[in-house]
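Down below is the structure, laid out as structure tokens.
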Amino acid sequence: MFIGSPGMSTNLTGTRRDRAVARDCDARHRGYRPATSRARCTGRVGRSGKLGGMTTETRPDRVIPMRDELSEEQIRSYRRDGFLVIDDFLDADTVGRLRTVLSEAVVGRGGARLPGEGRRSAAATGAGSDDRRRLLDALGKHRSKALKVLSQHVNLWQDDERVRRFCLDPRLGRLACRLAGIGGVRIWHDQTMVKPAWGAPTGWHTDTPVFSFTHPGASTFWFALGDADLRNGCLHYLPGSHHDRVEVKGDLRRLDGLRLLNPAWEHAEPTPCPVRKGALIVHSGDTAHAAGANMTPFARSAFTISWQPEGAEFNGTANILPEEILATLRPGDPLDFDEWNPLVYRK
2 MFIGSPGMST
12 NLTGTRRDRA
22 VARDCDARHR
32 GYRPATSRAR
42 CTGRVGRSGK
52 LGGMTTETRP
62 DRVIPMRDEL
72 SEEQIRSYRR
82 DGFLVIDDFL
92 DADTVGRLRT
102 VLSEAVVGRG
112 GARLPGEGRR
122 SAAATGAGSD
132 DRRRLLDALG
142 KHRSKALKVL
152 SQHVNLWQDD
162 ERVRRFCLDP
172 RLGRLACRLA
182 GIGGVRIWHD
192 QTMVKPAWGA
202 PTGWHTDTPV
212 FSFTHPGAST
222 FWFALGDADL
232 RNGCLHYLPG
242 SHHDRVEVKG
252 DLRRLDGLRL
262 LNPAWEHAEP
272 TPCPVRKGAL
282 IVHSGDTAHA
292 AGANMTPFAR
302 SAFTISWQPE
312 GAEFNGTANI
322 LPEEILATLR
332 PGDPLDFDEW
342 NPLVYRK
């Protein structure tokens with residue numbers, strides 16, 4: 002299926018079940034062409050540089066192997082703590098190919114962080130539109146110093162067929178639904194998350210306040226494209242914080258932001274989550290999280306997918322929605338634009 006080439010290992014062929022899931026995914030999306038207390042990092046299942054590389058091609062008969070089956074204990078752990086670590090979710094070969102594809106997609110984007118950003122910028126000249134500025138502000142990219150914290154490219158799935166096949170894989174949607182206890186999910190956005198060499202810490206925040214919807218079933222998948230540890234800026238979580246939703250947007254440049262999000266959290270002890278390459282961390286949209294500084298000369302790379310529960314309604318926040326969609330929305334309207342946030346899985 003995704004990022005395969007004729008010379009690659011046959012371990013990407015997948016099981017009969019995987020091939021059936023891939024066929025279902027292909028049929029569903031064919032033709033799309035869009036321009037507290039201290040806790041350990043629980044829920045683990047096993048443990049076994051530079052982006053760029055070879056040219057790749059899409060092969061519909063090849064399926065990414067994923068450790069997508071969950072135990073009841075893992076589901077309970079996620080719902081209790083608001084996050085879950087699954088080690089070795091992707092194998093090393095798959096991670097390498099994913100890094101290559103994402104690198105090629107970023108290069109193909111031409112430096113823009115959002116789909117069509119260059120076109121919006123050109124349109125804004127003379128038209129007086131603040132669309133580009135609003136979108137960049139929503140992503141925290143309107144100040145150059147933000148790049149010292151994190152470099153991001155959003156919705157690469159809309160540009161690249163191979164990224165699309167990965168992000169819209171129904172196995173990922175099924176995993177998000179099982180953990181959150183919901184009936185269906187749409188993709189909200191994907192995002193590369195590269196903390197540069199010697200990069201600054203990422204301050205405490207939750208995801209829900211920046212989304213265009215508010216729903217307890219929202220979640221984000223964080224795929225480790227390399228090892229993430231205490232030296233290079235692994236994620237930290239505040240267990241159970243998702244039970245007390247906050248509406249304040251976090252400041253990515255402040256590590257003392259817990260008290261700003263919720264004064265009761267000021268002295269809470271967070272849980273660090275160092276992981277190896279290929280791990281998946283899932284966190285609720287309401288879970289407080291941050292990341293340390295990168296105290297190494299190498300970038301720390303990750304890729305995320307944020308999920309919108311099916312049936313979620315527009316809350317008035319623009320986030321990454323383009324003007325042509327925002328113009329049609331009023332608070333309370335369903336967010337069900339199949340070309341922008343397609344359904345990935347439904348029970």
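Mapping the sequence shown onto my numbering, position 206 (from 1) lands on 207, and the numbers just tick up by one. Note that the Cβ used here is the ideal one computed from N, Cα and C, for glycine as well.
Identified DSSP bridge partners for residue i
i: Ser152; result: Val195
i: Thr203; result: Ala292
i: Ile87; result: Leu281
i: Val186; result: Pro310, Tyr346
i: Pro323; result: In DSSP, Pro323 forms no bridge with anything.
i: Pro335; result: Glu314
i: His237; result: Pro273, Ala291
i: Thr221; result: His284, Ser307
C-alpha gap between residue i and residue j, whole angstroms
i: Pro335; j: Ser213; result: 11 Å
i: Val247; j: Leu259; result: 11 Å
i: Ala128; j: Asp160; result: In this prediction, Ala128 has a pLDDT of 38, which is less than 50 and means its spatial position is unreliable; what the coordinates show is noted afterwards. Roughly 26 Å separates the two Cα atoms.
i: Gly234; j: Gly293; result: 4 Å
i: Lys51; j: Ala177; result: Residue confidence for Lys51 is low, a pLDDT of 29 falling below 50, so the modelled location carries little weight and cannot support an answer.
i: Pro275; j: Asn320; result: 29 Å
i: Asp257; j: Thr209; result: 19 Å
i: Arg277; j: Thr329; result: 43 Å
i: Arg255; j: Gly111; result: 30 Å
i: Leu253; j: Val211; result: 13 Å
i: Gly97; j: Val64; result: 15 Å
i: Gln192; j: His268; result: 31 Å
i: Val102; j: Pro116; result: 17 Å
i: Val195; j: Glu73; result: 33 Å
i: Ala303; j: Ile282; result: 10 Å
i: Arg166; j: Leu99; result: 11 Å
i: His290; j: Pro197; result: 19 Å
i: Asp94; j: Gly333; result: 44 Å
i: Gly204; j: Glu270; result: 15 Å
i: Glu340; j: Arg77; result: 34 Å
i: Trp158; j: Val164; result: 5 Å
i: Ala219; j: Trp199; result: 31 Å
i: Pro66; j: Asp92; result: 7 Å
i: Arg187; j: Met296; result: 36 Å
i: Ala265; j: Leu322; result: 33 Å
Nearest neighbour of residue i, chosen from the options [CA to CA]
i: Thr288; options: Pro217, Arg347, Pro298, Asp69; result: Pro217
i: Trp189; options: His206, Cys168, Arg172, Thr203; result: Cys168
i: Tyr346; options: Ala225, Gly251, Ala93, Trp308; result: Trp308
i: Phe90; options: Glu70, Ile306, Ser78, Gly109; result: Glu70
i: Glu311; options: Gly184, Arg114, Leu115, Val108; result: Gly184
i: Pro298; options: Ala201, Ser78, Trp266, Lys250; result: Ala201
i: Gly251; options: Thr207, Leu231, Asp228; result: Thr207
i: Asn263; options: Leu239, Thr272, Glu324, Ala280; result: Leu239
i: Gly109; options: Glu162, Gly182, Ile326; result: Glu162
i: His284; options: Arg175, Thr305, Ile326; result: Thr305
i: Glu105; options: His154, Gln75, Phe338; result: His154
The segment 230–245 touching the segment 82–94, judged by at least three CB pairs closer than 8 Å: Counting Cβ pairs under 8 Å, three or more are found: they touch.
Contact the segment 225–239 vs the segment 308–319: 3+ CB pairs below 8 Å: With a cut-off of 8 Å, the segment 308–319 and the segment 225–239 do not count as touching, because too few Cβ pairs lie within range.
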